[in-house]
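There are 2 protein chains.
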Amino acid sequence: MDKRSTKKSLSVQTLRRLPNYLNYLKGLDASKDEYISASALAAQLRLNEVQVRKDLAAVSPTKGKPRAGFEIRQLIIGLEEHLGYNSIDEAILVGAGKLGRALLSYEGFKNAGLNIVAAFDTNPDLQNKSLDGKFVFPLDRLVNLSQRMKIHIGIITVPAEAAQEVCDLLVEGGVLAIWNFAPVVLQVPEHVYLRNENMAASLALISQHLQEKFTEEA
Amino acid sequence: MDKRSTKKSLSVQTLRRLPNYLNYLKGLDASKDEYISASALAAQLRLNEVQVRKDLAAVSPTKGKPRAGFEIRQLIIGLEEHLGYNSIDEAILVGAGKLGRALLSYEGFKNAGLNIVAAFDTNPDLQNKSLDGKFVFPLDRLVNLSQRMKIHIGIITVPAEAAQEVCDLLVEGGVLAIWNFAPVVLQVPEHVYLRNENMAASLALISQHLQEKFTEEA
DNA sequence: TAGATTGTTAATCGATTAACAATC
DNA sequence: TAGATTGTTAATCGATTAACAATC
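Residue numbers (the working numbering), protein chains in the order written: chain D, 1 to 218; chain E, 1001 to 1218.
As structure tokens, then:
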């Protein structure tokens, strides 16, 4: 049996917390402590203790030890495994504007299991040369290249107006997941997983919070 | 009584959906329909009908009409109000790297009630001139300028290692909310609202989804 | 042993969904 | 009137938190 299939699938909420655990643990001095308790980690990250304990129990390959906590090295391994950092996925990015280029040049993706192999753009000035280390192709090469390279992930960083059209091309190119940074609700077929990075929502949360702060002061 | 204080505060989940409603409604041909039903909107956005109806009821200044639905123009007004698009908040951005510049030049923030008034960076090559329409100051001007301009929001787009230090400066500068793009868990005092834009989590969700797809096929 | 910490079971909470009456 | 749609109340679901026994 494939070992992968034994990996339990985690809730969206849990998965959101994992990168934070990983960042924190990696920031620790490895030579200092071998173990960390769920309680200590919870205090640092301002989370509920039981919640952290359950999360850690779900990802740690080894059990936690009473009185000690969880083995940090094992936790890191488990977290990276569950975050998919070991299985590299290949992606193409469409829209080599400012945001697109920021993503193209972001070094952190490599360690997070994402490899952006090529970029696409309609602007002829950007085409057929490298930009931030990735070759930029014209848009009409997308479907063919994507199919031939069996790309799984498409990243959309084009303006809102162009996003659905690009999305359709990616689907035609056979991608199985789309990471959308454009502020539009895209229509995708059932079998394609759509993940929207929605900054407008973040902004709205900040805005609501500030307004509350002011009204309660008044 | 201040009208603002009558605005009910919405749940995080609801707030996340609002930008999608707004995008969709704004994309409609204004001259075509005056009303839209929660059912129709739900179908378009692949959401539950009752959920959409409740969301719309919460933000629409006018009640929905049986047999017709909600008045689109009113909905747009209500959505923009609840998303905070009418009250402009001023922000400063720290870290004029690729991602920082992408945000500096993003036109959409203006309409979303966010005005980035200045940028800061440690790199002398970038300092004391305009970049993407914003003036870039050296980091040691941050606290003073932020205080004097009574800035409410700080945006962090520096590498992980520098993020906490920048965060502390922003807090000292008196910001009330921090929008953090660096992959670190920041420590902020109680009164400061922290919003993490956590792309690692998005990526993990995509990765988990792809793995499930493959294991269920196998 | 005593006490810190894990792991598990039960209670709580909030969000989603279902059921259905009210309305135009 | 009939039927589509709203609005509301109740049921369900899942995630968080609390309580507590097990363990080293």
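Even for Gly, the Cβ is constructed at its ideal location relative to N, Cα and C. Model, not experiment: these values are computed from the prediction.
- Taking C-beta atoms as the reference points, Ala-182/D and Tyr-193/D fail to come closer than 8 Å.
- For Phe-120/D, the beta-bridge partners assigned by DSSP are Val-94/D, Phe-137/D.
- Contact annotation: His-152/D and Val-166/D have beta-carbon atoms that are not nearer than 8 Å.
- Rounded to whole angstroms, Glu-216/D and His-209/D show a C-alpha spacing of 11 Å.
- Nearest Cα to Ile-1206/E within the set Gly-100/D, Arg-148/D, Asn-123/D, Ala-91/D: Ala-91/D.
- With 16 or more other Cβ atoms inside 10 Å of its own Cβ, Pro-19/D counts as buried.
- Taking a C-beta cut-off of 9 Å against chain D, the contacting residues of the stretch 1192–1213 of chain E are Tyr-1193, Arg-1195, Asn-1196, Glu-1197, Asn-1198, Met-1199, Ala-1200, Ala-1201, Ser-1202, Leu-1203, Ala-1204, Leu-1205, Ile-1206, Ser-1207, Gln-1208, His-1209, Leu-1210, Gln-1211, Glu-1212, Lys-1213, listed in chain order.
- Ala-58/D is outside the set of residues whose beta carbon lies under 8 Å from a beta carbon in chain E.
- Proximity of chain D to Leu-1099/E at the Cβ level (cut-off 7 Å) is accounted for by Ala-102, in chain order.
- Closer than 7 Å at the C-beta level to chain D, one finds these residues of the stretch 1014–1040 of chain E: Leu-1015, Arg-1016, Leu-1018, Pro-1019, Asn-1020, Asn-1023, Tyr-1024.
- Separation of the CB atoms of Pro-1061/E and Gly-1078/E is rounded to 5 Å, and the pair is thereby assigned contact status at 8 Å.
- Counting C-beta pairs with one atom in each stretch, the stretch 1050–1058 of chain E and the stretch 1120–1127 of chain E have fewer than three that are closer than 8 Å, which means they do not touch.
- Shown here, Ser-130/D sits in a strand according to DSSP, grouped into three states.
- In chain order, Leu-104, Ser-105 place their CB closer than 8 Å to the CB of Gly-133/D, counting only its own chain and leaving out the 5 sequence neighbours on each side.
- Between Gln-211/D and Ser-1011/E a beta carbon distance of about 15 Å is seen, past the 8 Å cut, so the two are scored as non-contacting.
- Val-184/D and Gly-69/D have their C-alpha atoms some 45 Å from each other.
- Within the stretch 1159–1192 of chain E, those residues whose Cβ lies closer than 7 Å to any Cβ of chain D are, in chain order, Leu-1176, Ala-1177, Trp-1179, Pro-1183, Val-1184, Val-1185.
- Leu-145/D is the residue among Lys-98/D, Leu-145/D, Leu-126/D, Leu-139/D whose C-alpha sits nearest the C-alpha of Val-117/D.
- For Asn-180/D, the enclosing beta strand (DSSP E) starts and ends at 177–180.
- Using a Cβ-Cβ cut-off of 8 Å, Ile-1153/E counts as an interface residue toward chain D, since at least one Cβ of chain D sits closer than that to its own.
- Taking the C-beta atoms as reference points, Leu-1114/E is found no nearer than 8 Å to Thr-1157/E.
- For the pair Val-188/D and Leu-142/D, the CB atoms are not nearer than the 8 Å cut-off.
- Taking C-alpha positions only, Leu-1075/E is separated from Ser-1037/E by approximately 11 Å.
- Exposed is the label assigned to Gly-1027/E, since fewer than 16 other Cβ atoms lie within 10 Å of its Cβ.
- When secondary structure is reduced to three states using DSSP, Lys-63/D falls in the coil class, being assigned neither helix nor strand.
- Under the Cβ distance rule, Val-136/D does not count among the residues neighbouring chain E, no pair being separated by less than 8 Å.
- Under a criterion of Cβ atoms nearer than 7 Å, the residues of chain E adjacent to Asp-89/D are, in order, Ser-1207, Leu-1210.
- Residues of the stretch 126–150 of chain D with a C-beta less than 7 Å from any C-beta of chain E: none at all.
- CA-CA distance, Glu-161/D to Leu-139/D, rounds to 15 Å.
- Beta-bridge partners assigned by DSSP to Leu-1114/E: Asp-1089/E.
- Pairing Glu-107/D with Glu-71/D gives a Cβ-Cβ distance that is not under 8 Å.
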